[in-house]
Amino acid sequence: ETLKTTALANCRLLYGSDRFKFYDILQSMDEEENTFCIALVCSREGESKILRMAVDDCPIKAIRSMVVRLQKDCFPVLMNVGAGLQSGGQLGYSNELTGKFELAEPMRFFKPDGAVDDTQTL
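Using our numbering, the first residue of the sequence shown is number 172, and each one after it goes up by one.
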């Protein structure tokens with residue numbers, strides 16, 4: 172459960188969070204091949220899209236590899252932005268050629284007046 176919580180928290184920062192957008196982690200398996208597939212899925216207004224997948228012979232290894240990738244993708248956002256800035260919408264996407272998460276230009280951040288941990292401006 173901790174890996175799922177970590178994955179979804181990182182996902183909301185990278186892909187945005189609004190009241191009609193929901194994320195979940197799905198697990199499927201092929202018994203004959205003893206292979207597990209973990210998928211990060213975004214659903215919005217009746218439609219779903221698979222955002223990321225990880226495959227392994229162990230479901231824990233599969234979810235862990237997805238979580239590690241999400242954490243690595245969040246790191247530059249956290250280091251470049253810092254506390255107190257608010258974001259809106261999706262911050263970037265995975266490059267089809269490199270597989271690396273790239274931040275969208277321009278960055279969708281703004282700094283409201285007040286303390287960095289004041290949530291009343293959200």
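Beta carbons are placed, not taken as given, at the ideal position from N, Cα and C, and that holds for glycine. As the structure is a computational prediction, the values presented were derived from the model and not from experiment.
Could you give the C-beta distance for residue i and residue j, rounded to a whole number, given that I count them as a contact under 8 Å?
| i | j | result |
| --- | --- | --- |
| V238 | L197 | 15 Å between Cβ atoms; not a contact. |
| F207 | V226 | 7 Å |
| G259 | L185 | Wrong, their Cβ atoms sit about 13 Å apart, outside the cutoff. |
| L222 | A178 | Not a contact, Cβ separation roughly 11 Å. |
Just to confirm my understanding: we take residue i, look at its own chain, exclude 5 residues before and 5 after, and list those with CB closer than 6 Å. What are they?
| i | result |
| --- | --- |
| S236 | A225 |
| S265 | F272 |
If you drop the 5 nearest sequence neighbours on each side, which residues of the same chain put their C-beta closer than 8 Å to that of residue i?
| i | result |
| --- | --- |
| D289 | P283 |
| R183 | Y194 |
| E276 | none |
Pick out whichever of the options has its Cα sitting closest to the Cα of residue i.
| i | options | result |
| --- | --- | --- |
| L274 | A180, L179, L249 and R223 | L249 |
| Q257 | Q291, R240, S199 and E267 | Q291 |
| D189 | Q261, G270 and F280 | Q261 |
| E204 | F280, C229 and F281 | C229 |
Should residue i go down as buried or exposed, given a rule of 16 or more other Cβ atoms within 10 Å for buried?
| i | result |
| --- | --- |
| D117 | Only positions 172 to 293 of the chain appear in the structure, and residue 117 is not among them; the question remains open. |
| A286 | exposed |
| L268 | exposed |
| A233 | buried |
| L209 | Looking at the sequence shown, residue 209 is not Leu but Ile. That one is buried. |
| L251 | The amino acid occupying residue 251 in the given sequence is Asn; Leu does not appear at that position. Looking at its Cβ environment, which holds fewer than 16 other Cβ atoms inside 10 Å, N251 is exposed. |
message: Taking 8 Å as the cut-off, does the stretch 180 to 195 touch the stretch 206 to 218 (at least 3 CB pairs, one atom from each stretch)?
response: yes
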